[in-house]
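Comments concern the structure below.
In the numbering used here, the protein residues as written are 75 to 753.
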């Protein structure tokens with residue numbers, strides 16, 4: 075689309091009751107991001123109340139009409155997705171504005187490929203609009219959905235705001251409190267809430283503490299007043315009620331001795347077979363989804379499901395040819411008299427999906443008018459690499475979407491809600507806690523990705539004896555499983571920290587995922603290394619992970635930039651002081667702008683002599699590289715001595731013993747603000 079153009083959604087698709095809007099951009103430097111926001115406007119072009127303004131601290135509408143789904147990594151950047159249930163939008167709303175804003179001194183001109191796309195519930199892209207002239211602005215209205223008669227239309231807007239999100243929100247009637255007394259009172263209320271939260275749920279040292287109430291809008295800093303005149307307090311919207319999260323501290327037990335175990339809502343000790351595990355896991359998950367709407371929306375909104383009354387079923391029998399089929403579960407959601415339905419097929423304990431079984435469920439869903447088939451296994455789906463090959467009958471008028479979830483993703487969403495973001499009430503938090511306990515139990519079979527595959531041992535042997543050749547399909551299989559492992563590591567670490575941790579995919583724009591993996595597989599054959607990068611919000615650099623299959627060593631590391639001011643010796647001393655509690659075998663290397671390598675040494679040797687980090691030739695210091703080495707597991711499975719567990723432990727150890735001690739760049743936001751970044 076071009077700027078100012080509009081189109082009726084009904085002309086693009088037969089099914090536009092639910093749409094997914096994605097805002098995307100690329101940061102050439104790998105740093106910087108933007109935040110999406112949505113405003114629901116009445117016939118006067120204003121919000122009816124502050125509740126019609128949705129952003130990172132107010133992401134979901136109670137009626138399910140709007141849900142900010144968060145950021146998703148793409149091949150060359152990131153996308154921020156928003157789910158709209160247009161059938162649930164209140165009748166008093168005429169227009170929906172979709173915008174994004176940057177923070178601090180950042181401008182949209184520093185980003186590339188700024189665009190908005192709109193897809194239907196099945197994920198099919200309907201339109202795309204590129205914003206090309208947003209150079210010096212800090213906020214942009216990308217587009218808007220508006221009513222015309224009984225339908226909806228989309229307009230490509232591309233209007234910029236130099237006053238940032240606060241100015242944009244004010245223009246549309248959001249109540250921004252800038253009175254000093256009000257601001258002081260809000261700050262005191264927030265401080266008291268933080269005290270209570272700290273008392274109830276103390277976080278480990280170095281772990282970011284997140285707000286669950288509606289926080290401050292990141293507006294540009296007001297200018298200084300006339301001589302001696304103080305700045306006006308920063309603008310902020312009104313605060314919302316605090317959600318319920320479970321305390322991190324363990325309550326004192328009344329048990330007579332330590333061997334007694336608490337009664338659990340979902341016991342796992344009786345599970346004896348894979349079939350038992352599948353049936354129990356499906357029933358446990360679907361029952362919690364039906365009772366905790368905050369949780370179920372996290373899992374199904376991206377699949378096009380509306381927010382409404384949800385009912386879930388197990389042990390369902392559906393006719394199919396000579397014999398009926400029995401999917402593991404069915405999800406039915408009712409909204410405004412309309413039904414959204416999905417069949418659910420689950421696998422546990424590392425069992426793989428069967429293509430013919432999934433194909434049969436797709437055929438049944440198409441015949442019976444189901445919107446989706448959802449598969450749920452320990453495996454992690456990759457872009458461009460489906461878990462099962464299923465033929466879609468394009469002649470059918472009713473289209474069925476095939477979606478996949480990993481048990482690790484389910485556990486991650488539960489942990490994010492009960493530990494960091496909060497849910498509506500204590501009962502919901504307790505239900506999620508019981509679900510999480512069940513999923514994490516060793517007998518549940520729901521442990522996420524846990525096998526590097528049959529190609530793992532042959533590839534390792536081929537690297538050892540130098541017989542592995544480029545183009546070997548087994549190397550590609552190992553690369554794909556390595557990517558699955560890294561995505562799972564990101565989920566687990568993100569659940570602990572309360573923020574999204576995303577793998578960085580460095581590839582040229584438009585590169586096919588398979589082409590990228592083929593290139594990585596060839597590189598594995600040449601140097602015997604598997605490498606990955608993780609971006610964690612609030613850290614000064616990208617965390618790198620390297621597995622050297624020739625030496626059997628895992629290396630975790632991070633490059634931190636040199637400060638812009640001060641003296642090199644002061645930088646070195648300060649870095650060593652901040653790493654006082656880091657492991658003594660931490661490797662520290664000085665990065666310089668010359669061809670010669672900079673000084674390096676272990677932290678144990680550098681502690682008494684930080685000056686040893688300074689280059690002898692007075693080369694300019696550009697940063698420091700910190701890294702830890704450890705032996706990697708050899709087994710392909712998830713045993714204590716296996717490769718998967720060793721990678722997970724290495725990343726966790728490096729973050730908790732090294733990264734938490736580093737400075738957060740001043741250009742980043744405070745930990746109370748949730749965002750993610752990806753190349």
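The C-beta atom is built at its ideal place from N, Cα and C for all residues, glycine as well.
For residue 631, the enclosing beta strand (DSSP E) has its first and last residue at 627-635.
Here the alpha carbon of residue 377 sits roughly 38 angstroms from the alpha carbon of residue 736. A distance below 9 angstroms separates the beta carbons of residue 355 and residue 422. Taking the CA atoms as reference points, residue 366 sits about 56 angstroms from residue 683. Put simply, of 410, 407 and 388 the residue whose alpha carbon is nearest the alpha carbon of residue 400 is 388.
Here residue 217 is buried, its C-beta having at least 16 other C-beta atoms within 10 Å. Around residue 707, the same chain offers 715, 716, 717, 719 and 720 as residues with beta carbons nearer than 7 angstroms, after the five sequence neighbours per side are excluded.
Residue 577 and residue 557 have their C-alpha atoms some 9 angstroms from each other. Spanning the alpha carbons of residue 157 and residue 654 requires a straight line of approximately 46 angstroms. Around the beta-carbon of residue 177, 16 or more other beta-carbon atoms lie within 10 Å, marking it buried. Closest in C-alpha terms to residue 361, from the list 214, 133 and 509, comes 509. The alpha-carbon of residue 664 is positioned some 6 angstroms away from that of residue 674.
The C-beta separation of residue 573 from residue 611 comes to about 5 angstroms, placing the pair in contact by the 8 angstroms criterion. With a cutoff of 9 angstroms on beta-carbon distance, residue 444 and residue 415 are scored as near each other.
Taking residue 688 as the centre and dropping the five residues before and after it, the same chain places the C-beta of 642 closer than 6 angstroms to its C-beta, in chain order.
With contacts defined as CB atoms closer than 9 angstroms, residue 141 and residue 375 qualify as a contacting pair.
For the set 549, 729, 211 and 117, the Cα lying nearest the Cα of residue 657 is the one of 729.
Residue 618 places its beta carbon less than 9 angstroms from that of residue 629. Measuring C-alpha to C-alpha distances from residue 515 to each of 340, 534 and 425 identifies 340 as the nearest. DSSP places residue 227 inside the beta strand (DSSP E), whose first and last residues are 225-235.
Straight through space, the alpha carbons of residue 392 and residue 417 are spaced by roughly 10 angstroms. Restricting attention to 342, 346 and 348, the CA atom closest to the CA of residue 358 is found in 342.
Rounded to whole angstroms, the gap between the alpha carbons of residue 208 and residue 97 is 14 angstroms. With fewer than 16 other beta carbons inside 10 angstroms of its own, residue 669 counts as exposed. Scanning its chain for C-beta atoms nearer than 6 angstroms, with the 5 sequence neighbours on each side dropped, one finds around residue 488 the residues 506, 509 and 510, in chain order. The C-alpha of residue 91 is placed about 15 angstroms away from the C-alpha of residue 199. For residue 661, the closest C-alpha among the options 690, 648 and 631 is that of 631.
Look at the beta carbons and you see the region 111-124 not touching the region 221-232: under three pairs across the two are nearer than 8 angstroms. For residue 111, the secondary structure class from DSSP, reduced to helix, strand or coil, is strand.
Apart from sequence neighbours up to five positions away, the residues of its chain that approach residue 77 with a beta-carbon distance below 7 angstroms are 230 and 232, ordered along the chain. Taking a 10 Å sphere around the C-beta of residue 535, we find fewer than 16 other C-beta atoms and assign the residue as exposed. Bridge pairing for residue 174: 110 and 214 [DSSP]. Of the other Cβ atoms in all chains shown, fewer than 16 fall within 10 Å of the Cβ of residue 543; this residue is therefore exposed. For residue 605, the enclosing beta strand (DSSP E) covers residues 603-610. Pairing residue 332 with residue 512, the inter-Cα distance amounts to about 20 angstroms. Here the alpha carbon of residue 560 sits roughly 20 angstroms from the alpha carbon of residue 519.
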